[in-house]
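Engineer: Protein chains in written order, with numbering that gives the first Met the number 0: chain A, 0 to 191; chain B, 0 to 302; chain C, 0 to 661; chain D, 0 to 139.
Don't be surprised by glycine CBs; every beta carbon is placed ideally from N, CA and C.
Computed from a predicted model, the values in this text were never measured in an experiment.
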Amino acid sequence: MGAQPNTLERAWTPRTLEHTPSSTDLVGNDFSLCYQCGLCTGSCRTAYAMKYTPRQVMNLLQLGRTDEAVASGSGLLCTACYSCTFRCPRGVAVTDLMAAIQRLSLAQRHADPHIRRFYQAFMRTVERHGRFHEVEFLVRYYAPNPLRLREQVSVGLTLLRKGKITLKPPKMQSQKAIAAMFRKAAQIEGRP
Amino acid sequence: MKYAYYPGCSASGTSKEAEESLQATMRYLGVELTELEDWNCCGAAMATGVSYLLSVALPARNLALAERAESDLVTGCSRCYLNLIRAVHYTQHNASVREKVNTLLAETGVQYSGKARLRHLLDVIVNDVGLDVVAERVTRPLDGLRIVPYYGCCQGMWTYAQFDSVEDPHCFDQLLATLGAQVVDYPLKTACCGGTLSMSKRSVGAKLIGDLLAAAGDADCIVTACPLCMFNLNSFQKEAGGTRGTHFNIPVLFLTQIMGLAFGLPEKALGLQRNAVPVDSLYRKIAVGAAVSSGEASASGPR
Amino acid sequence: MAEGKNDVKIGVYVCHCGSNIAGTVDVEELTAFAQELGSVAVARNYKFMCSEPGQALIKQDIEELGLNRVVVAACSPRMHEPTFRRVCEQGGLNPYQLHICNIREQCSWVHKDGATEKAKALVSAAVSRAYYLEPLESREVPVAPAVLVVGGGIAGIQAALKVADAGRKVYLVEREPSIGGHMTQIDKTFPTLDCSACILTPRMAAVKAHPNIELMTYSEVVGVQGYVGNFRATIRRKPRYVDESLCTGCGICQEKCPWKAESEFDCGLGQRKAIYTPFPQAVPNVPVIDPEHCVYFLRDGKCGACLKFCERGAIDFNQTEKMVDVEVGAIIVATGYDLMDPSEIGRLGYSRFPNVITSLEFERLCNATGPTGGHIVVNGQEPKSVAIIHCVGSRDRKYHEYCSRVCCMYALKFAHLIKEKIEGASVYQFYIDMRCYGKGFEEFYQREAGEGVTFIRGKPSQVTDFAMSEEEQGKLVVVCENTLVGRTLRVPVDMVILCPAMEARADARDVARLFNLTQSADGFLQERHAKLEPVATANDGMFVVGCAQGPKDIPDTVAQALAGAAETLALIDRGSVELQAATATVDETLCQGCGRCEEICVFHAPTLSSDGRLIPVSSINEALCKGCGVCAVACPTGAISIRHFTRQQILAELEALSGVPV
Amino acid sequence: MNGFEPKIVAFTCNWCSYAAADLAGTSRIHYPSNVRIIRVMCSGMIDPIYVLRAFEAGFDGVLLAGCHIGDCHYISGNMRAEERTAKLRRLLHTLGLEDERLKLEWISAAEGGGFAETIKEYVGQLKQLGPSPLRKEATA
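#1: Are at least three pairs of beta-carbons, each pair with one atom in the region 393-405 of chain C and one in the region 360-379 of chain C, less than 8 Å apart?
#2: Let me check one thing: in DSSP terms, what residues is C:ALA42 bridge-paired to?
#3: At which residues does the beta strand (DSSP E) containing C:HIS79 begin and terminate?
#4: Using a beta-carbon distance below 8 Å, is D:GLY113 in contact with chain C?
#5: Name, in chain order, the residues that DSSP records as bridge partners for C:MET541.
#6: Using 8 Å as the threshold, is the C-beta distance between D:ARG35 and D:VAL8 below it?
#7: Distance check for D:GLY69 and C:GLY37, CA to CA, integer angstroms please.
#8: Run through chain D and tell me which residues come within less than 8 Å of C:LEU578, C-beta to C-beta.
#9: Measuring CA to CA, which of D:ALA109, D:VAL50, D:TRP105 and D:GLU99 is closest to C:LYS530?
#10: Under 8 Å between beta-carbons, which chain A residues line up against B:VAL203? List them in chain order, please.
#11: Taking contact to mean 3 or more Cβ pairs, one atom from each stretch, closer than 8 Å, check whether the region 586-600 of chain C and the region 565-574 of chain C are in contact.
#12: Taking C:HIS98 as part of the beta strand (DSSP E), name the residues at either end of that continuous run.
#13: May I ask you to report which of helix, strand or coil DSSP gives A:PRO4?
#14: Between the region 450-470 of chain C and chain B, which residues of the former have a C-beta closer than 7 Å to a C-beta of the latter?
#15: Whose C-alpha, out of C:VAL405, C:VAL391, C:VAL510 and C:MET494, is nearest the C-alpha of C:PRO459?
#16: So, does the CB of C:SER38 fall closer than 8 Å to a CB anywhere in chain D?
#17: Do the CB positions of B:TYR5 and B:ASN61 come within less than 8 Å of each other?
#18: Output, in chain order, the set of chain A residues within a Cβ distance shorter than 8 Å of B:ASN39.
#19: Between A:GLN35 and chain C, is any beta-carbon pair separated by less than 8 Å?
#20: Please classify D:ASP46 as buried or exposed, where buried requires at least 16 other C-beta atoms within 10 Å of its C-beta.
#21: Find the nearest neighbour of B:CYS225 within the set B:TYR80, B:VAL147 and B:TYR89, judged by alpha-carbon distance.
#22: Along chain F, in chain order, which residues have C-beta atoms closer than 8 Å to that of C:LYS117?
#23: Pull up the DSSP beta-bridge partners for B:CYS228, would you.
#24: Tell me, which residues are paired with C:PRO605 by DSSP?
#25: Should B:THR223 be labelled buried (16 or more other beta-carbon atoms within 10 Å of its own) or exposed?
#26: Which word fits C:GLN647, buried or exposed, when buried means at least 16 other C-beta atoms lie within 10 angstroms of its C-beta?
#27: When the cut-off is 8 Å and only beta carbons count, does A:ARG102 lie next to chain B?
#28: Leaving out five residues on either side along the sequence, give the residues of the same chain with a beta carbon under 6 Å from the beta carbon of C:GLU652.
#29: Taking B:ARG273 as the query, report the chain A residues whose CB atoms sit under 8 Å from its CB, ordered along the chain.
#30: How far does the beta strand (DSSP E) with C:ASP337 in it extend, from its first residue to its last?
#31: Given a cut-off of 8 Å, decide if C:ALA55 and C:GLY10 are closer than it, judged by their beta-carbon atoms.
#32: The region 60-75 of chain D: which residues have C-beta closer than 9 Å to a C-beta of chain C, in chain order?
#33: Does any residue of chain C have a CB that is nearer than 8 Å to the CB of B:ASP167?
#34: For chain D, find out if any of its Cβ atoms is closer than 8 Å to the Cβ of C:VAL148; answer yes or no.
#35: When DSSP labels each residue in this structure, what does B:MET45 get in the three-state scheme?
#36: Taking the DSSP output, what are the residues bridged to C:ILE356?
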């Protein structure tokens, strides 16, 4: 019993998967149960664009080559639709594991800066207001190179014209508390 | 029927029309929704990318609020629903998660014990209100409208809600049929719309959306059970067309918008003027259809 | 106890077991310690107590020192209790006055420090328990020299024939109108490809012809009482509405019957009449009338074509169900399996697309006696490309965790049959792992690979008719990751064959309850020991064989069936069975006749009887009692106790244990 | 707790848990020697009296072990044991004994390691808990 650490324990060492749930935090089984049937990949709409398919990512985790999975950026393409997790014949929490990989990629410099900023901008906005605020989000998102804002112009304008987005941020009472929650989480998960 | 109601961010912003129509139709059906006081963002698909704990705690806080209000929580957004049901499930089945999440919630002065029951709007309409009642309230049957029911991928987690088959759901089809529409058998009914990839990774997001729109063929419109899907399918038809060298121009409505139409509610109340892709084409069709069928519609009415 | 305190003479024998015990436990110290314990006449230690000289030592002491209790401190009682009981008996001591003290498995092998101390505690506990041991007599009861076989599939048939050949009476009960089971529906059998019917039907005929076999088809066991060696089973014989003794099986009735229904035998792919035999070679070759579809029953008295045309006058619409009781010494349960309904897995489109079929349906399509006369056609045409999907509901936590063990092989067989029957057809095997473990299996696998079958390693996520390209138009598309390349494939085909899991019968729970058997987690009936008692069950005299016990192929099924036959023969040929001696007893002076014991005992051993008494008292049928002690604990007045596990004995052991410090 | 060694008695059913203990032995999986095993035919045979008397006699913990639900050699003896343990707990509670002091575990004949783990774990738990209040009386 538990003589030498299994691939799971090795893969979850702080160095390789920091800011991620420990295996016990996952609901569903860890990747060591994966038998590489590929049902996850077959069920995944974005797998075609991934360097490593979800199944291959599970395999890399099994081999303890987490860094490689992280570097591939495959996690960044997961839309968290949970089809893989729902269907997995071994009950592996594939989506949460992809999310873990995603977190690690985002925590690293070489992650696609575009996507990286997207996540951070979104969460920062929520941290500040407790709710999402389109305008502030877009500003944060495109701050570094406003020119790219062009991408969203057509959408943005429609939204404005149709009166769906407003300049004034949403109001809720517990904004401060939400921010505190964010700080606590960072503290527990040992994030900067 | 009384519920605590969780609008979610996209419903109160980018998909206002969903919210407006939802309020209007629910009022019309006698469903009492009290907006959850001081609700917060569920974290969408973003929270998991930054913090596992927040991805559970953010939705959990809303459940805790509902628990305090001692009522079931209803949401019309599948993405929010997914995050919420995920939080229910994870806190239920994992003590260590529950504990950590509650330490976070303590910061906001609430705790979640798993009492509050979570419901999806579709669930409420089909099972609490009941299709028979819906049928009774139809005044403008959608005869001749060929509609694509797009459930969206967030079905995936519905398995925990247990009110329809996850692999091959039907409640939405039944609902639309009840409204008199001709329901198109849609092969991608539970395929993911790509969520926020449409913004963060346009090349991929647009392709996913393109496939969905193409699969709708020559249907009159697509109806979604999720404001976020609705936003995607509506707002990126140009980009989506680009990925396959075509032009899309198909109206995409939220489920309560189409219901409202069948109930004969005023277009403004349903926020139809806000839809990115104009829906006028539908009015014409229904008007025609109604003229023809109104006679036997009332005759064959359940009452 | 008859004997007074000083009459108790206990001998304690400490075994070194080479160094297994002596290496960790100080046997000398232990022996000395034992010597000092009350009522201990002698304490010795020896290198190997189970050896001849070791045994002799004990015998000798019993004879010379007049020991009347023996405590052996050695290995687990599960190991050598029988050995030392024999020793006691040979020495002239009642075998039940022995107590084994486990100082190997549960002491010397699992502890370093404190082993000797623990050993002392265990020995002193053993001694104080031994003090209260009482002599027991194990009784013998005669065995009814007949066997009941439940289920007439290949397992039941083989078991019945073997027992009958040994000259014993067999009652073979089959639920369906004919024996034969699933095997009759199968076309060819892997890996030898010999025709299933060709090897099975002679056996079916043999069953019918055998003087020692009483065949009851269209019948079900509805009740079982009694115990090993003496079971009484009640069998419900459903009305056939055809007199078996008169019918010649000429078939005119089926010919003339104007009313049709879906054929169960052909998995609903074909039709049968309202009066029918499931298939031509049915045994018995006597039709049954299905009242669900027979117009004579539906519109009372109308039709009756069969009645008119039957020259023998065998048709009897007034038949009613009959109950038959049989006395048997042993029962073989061979109730088989169900095939999982793949429509549960919506994404594979089973009930949605007519050209998605199950393996069993394909067997019928392939079979010359099948609805298409053996031509593989779906939607009216021959498929030019076929996908075979493995592990549908098997090896999948959401359905069945286990492997169904036969699919890989019959999938290969299918590939062969398709290629044989359809010129230039392409066949795709969607597998996770190929499991070809049996004799000649791997060779068959190679052969199929050689025949140009395409193997795609991956579990398909979807079967859809949604075409995304020209070549996909009007086809079924199997979506799957080719895991060996790491890319998602879309494979257009004309037909999809699913290999659904073999699962426990829908009524397995009822069967388990009826025969008092246990089910394993997967729902199949459970054998007593996975390795050493593969067909025996927790219930003495009951045996489970074939797929009722778990998924298996024909060779394994037959092997089990014959094992079952051997077990039952070994049992009934002994002529008598020894009954468990450590049973419950009732102290009638304490019993208040509350009946709690009667309620709680699943073996129906206790019964309340008030012959002449004011209040009834419980009495135990020792033949039925398994000595589990559930009643003893339940008894509010403590009137019931379990021989060899009396409260006195266990409490004595407990007290002594607490005496020695940790 | 300064070197407190809890005294544990385990009632194990002959078919599963006792066999598991044997398996732990044959596979040489070591565990603390604090436990004393009493073999009964079935967990359904364990009389509440035994448990009460065990505490009276100064044991710090009592372990009842049987086959997993569904595997009982006597069909449902272990279910009876489960019911009784629940009742017994309430009683022990009124006697001022902590719930942990009475442990019910399903350990199959195949779970030698599981048996050892259970004991290790349990010894740890009881060390945390300290000596049984009744034991103090017993020794006092």
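Structural biologist: According to the structure data:
#1: Not touching, per the Cβ criterion.
#2: Here the question's residue 42 of chain C lines up with position 43 in the third sequence. Per DSSP, C:VAL11.
#3: Reading the third sequence from its first residue, position 80 is the one you call residue 79 of chain C. Segment 76-89 is the alpha helix (DSSP H) holding C:HIS79; no beta strand (DSSP E) there.
#4: By 1-based counting over the fourth sequence, the position of residue 113 of chain D is 114. No - not a single Cβ of chain C is within 8 Å of the one on D:GLY113.
#5: The residue you call residue 541 of chain C lines up with position 542 of the third sequence. The partner list for C:MET541 (beta bridge, DSSP) reads C:ILE330.
#6: To locate residue 35 of chain D, count along the fourth sequence from 1; it is residue 36. To locate residue 8 of chain D, count along the fourth sequence from 1; it is residue 9. Cβ atoms of D:ARG35 and D:VAL8: closer than 8 Å.
#7: Taking the first residue of the third sequence as 1, we reach residue 37 of chain C at position 38. Taking the first residue of the fourth sequence as 1, we reach residue 69 of chain D at position 70. Going by the C-alpha atoms only, they are around 43 Å apart.
#8: Start at 1 with the first residue of the third sequence, and residue 578 of chain C comes out as number 579. Under the 8 Å cutoff, chain D gives no residues; its nearest Cβ is about 15 Å from C:LEU578.
#9: Residue numbering aside, residue 530 of chain C sits at position 531 when the third sequence is read from its first letter. For C:LYS530, the nearest C-alpha among the options comes from D:ALA109.
#10: The residue labelled residue 203 of chain B in the question sits at position 204 within the second sequence. Within chain A, the residues near B:VAL203 are THR45, ALA48 and LEU76.
#11: no
#12: Within the third sequence, the letter at position 99 stands for residue 98 of chain C. 97-101 is the span of the beta strand (DSSP E), which, as asked, contains C:HIS98.
#13: For this step, residue 4 of chain A is matched to residue 5 along the first sequence. Because the pLDDT of A:PRO4 is 32, which lies under 50, any placement of that residue in the model is unreliable, and the number read from its coordinates should be weighed accordingly. A:PRO4: coil per DSSP, three-state reduction.
#14: THR463 and PHE465
#15: Here residue 459 of chain C refers to the residue found at position 460 of the third sequence. Of the listed residues, the one whose Cα sits closest to C:PRO459 is C:VAL391.
#16: In the third sequence, residue 38 of chain C corresponds to position 39, counting from 1. Taking Cβ atoms only, chain D never reaches closer than 8 Å to C:SER38, which makes this a no.
#17: In the second sequence, residue 5 of chain B corresponds to position 6, counting from 1. In the second sequence, residue 61 of chain B corresponds to position 62, counting from 1. Yes; because the gap between Cβ atoms is below 8 Å, this pair is in contact.
#18: For this step, residue 39 of chain B is matched to residue 40 along the second sequence. By Cβ distance, chain A contributes VAL125, GLY129, ARG130, MET171, SER173 and ILE177.
#19: Along the first sequence, read from residue 1 onward, the residue named residue 35 of chain A stands at position 36. A:GLN35 counts as touching chain C.
#20: For the purposes of this step, residue 46 of chain D is taken as the residue at position 47 of the fourth sequence. Classification of D:ASP46: buried, given that the 10 Å Cβ count is 16 or more.
#21: Locating residue 225 of chain B in the second sequence gives position 226, counting from the first residue. B:CYS225 has its Cα closest to that of B:TYR80, out of B:TYR80, B:VAL147 and B:TYR89.
#22: Within the model displayed, chain F is absent; protein chains A, B, C and D are what it includes.
#23: Here the question's residue 228 of chain B lines up with position 229 in the second sequence. Its beta-bridge partners do not exist; DSSP assigns none.
#24: The residue labelled residue 605 of chain C in the question sits at position 606 within the third sequence. Answer is C:ILE619, bridged to C:PRO605.
#25: Residue mapping note: residue 223 of chain B aligns to position 224 of the second sequence, counting from 1. Label assigned to B:THR223: buried.
#26: The residue labelled residue 647 of chain C in the question sits at position 648 within the third sequence. C:GLN647 counts as exposed, since fewer than 16 other beta carbons sit within 10 angstroms of its beta carbon.
#27: One-based indexing of the first sequence puts residue 102 of chain A at position 103. Yes, because at least one Cβ of chain B sits closer than 8 Å to the Cβ of A:ARG102.
#28: For this step, residue 652 of chain C is matched to residue 653 along the third sequence. Counting only Cβ-Cβ distances below 6 Å, and skipping sequence neighbours, we find ALA124 and ARG128.
#29: Start at 1 with the first residue of the second sequence, and residue 273 of chain B comes out as number 274. Within 8 Å Cβ-Cβ: LYS161, GLY162 and LYS163.
#30: Reading the third sequence from its first residue, position 338 is the one you call residue 337 of chain C. Per DSSP, C:ASP337 belongs to the beta strand (DSSP E) from 336-338.
#31: Position 11 of the third sequence holds residue 10 of chain C. Position 56 of the third sequence holds residue 55 of chain C. The answer is no: Cβ separation not under 8 Å.
#32: Residues HIS67, GLY69, ASP70, CYS71, HIS72, TYR73, ILE74 and SER75.
#33: Taking the first residue of the second sequence as position 1, residue 167 of chain B is located at position 168. So, interface residue.
#34: Counting from one through the third sequence, the residue named residue 148 of chain C turns up at place 149. Among the residues facing chain D, C:VAL148 is not included, as its CB has no counterpart in that chain under 8 Å away.
#35: If you number the second sequence from 1, residue 45 of chain B lands on position 46. Correct three-state label for B:MET45: coil.
#36: As a working mapping, residue 356 of chain C is identified with position 357 in the third sequence. Answer is C:ILE496, bridged to C:ILE356.
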